[in-house]
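Student:
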Amino acid sequence: EGEQVSGGMVVLTVSSTANKDWIIKCGVTDKDRARINGGERAEISFDAIHQTLSGKVKSMAQGSDSGSGLFQLEIAINP
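When you line the sequence shown up against my numbering, it's residues 3 to 81, in that order.
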């Protein structure tokens with residue numbers, strides 16, 4: 003929450019797995035990563051559509067992205 007991004011920067015990616023689960027991939031700071039545990043409940047808010055999705059933290063990267071310094075987080079969205 004509250005991260006600054008530049009134009010053209012990918013903020014998150016939404017994809018579907020073979021078993022039809024929806025996965026959201028996003029980057030978090032090292033400070034936020036320290037407070038997140040795998041398997042925890044997660045909520046993602048979209049201001050543009052006035053909707054909040056619920057899910058669960060599926061995985062977290064052990065190392066940060068060399069370009070952005072963010073850690074990739076995968077959240078499985080509840081059906």
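Positions of the beta carbon are idealized from the N, C-alpha and C atoms, including for glycine.
What separation, rounded to the nearest whole angstrom, lies between the Cα atoms of H52 and D34?
Tutor: Going from the Cα of H52 to the Cα of D34 covers about 24 Å.
Student: Can you tell me whether DSSP reads K27 as helix, strand or coil?
Tutor: The answer is strand: DSSP assigns K27 an E or B state.
Student: Would Q74 and K27 be called neighbours here (beta carbons separated by less than 8 Å)?
Tutor: It is a contact, given that the beta carbons lie within the stated cut-off.
Student: Under 6 Å Cβ to Cβ from I79, same chain only, skipping five residues before and after it: list those, please.
Tutor: W24, L55 and G57.
Student: Quick check on the burial criterion: 16 or more other C-beta atoms within 10 angstroms. Buried or exposed for A36?
Tutor: Exposed: under 16 other Cβ atoms inside 10 Å.
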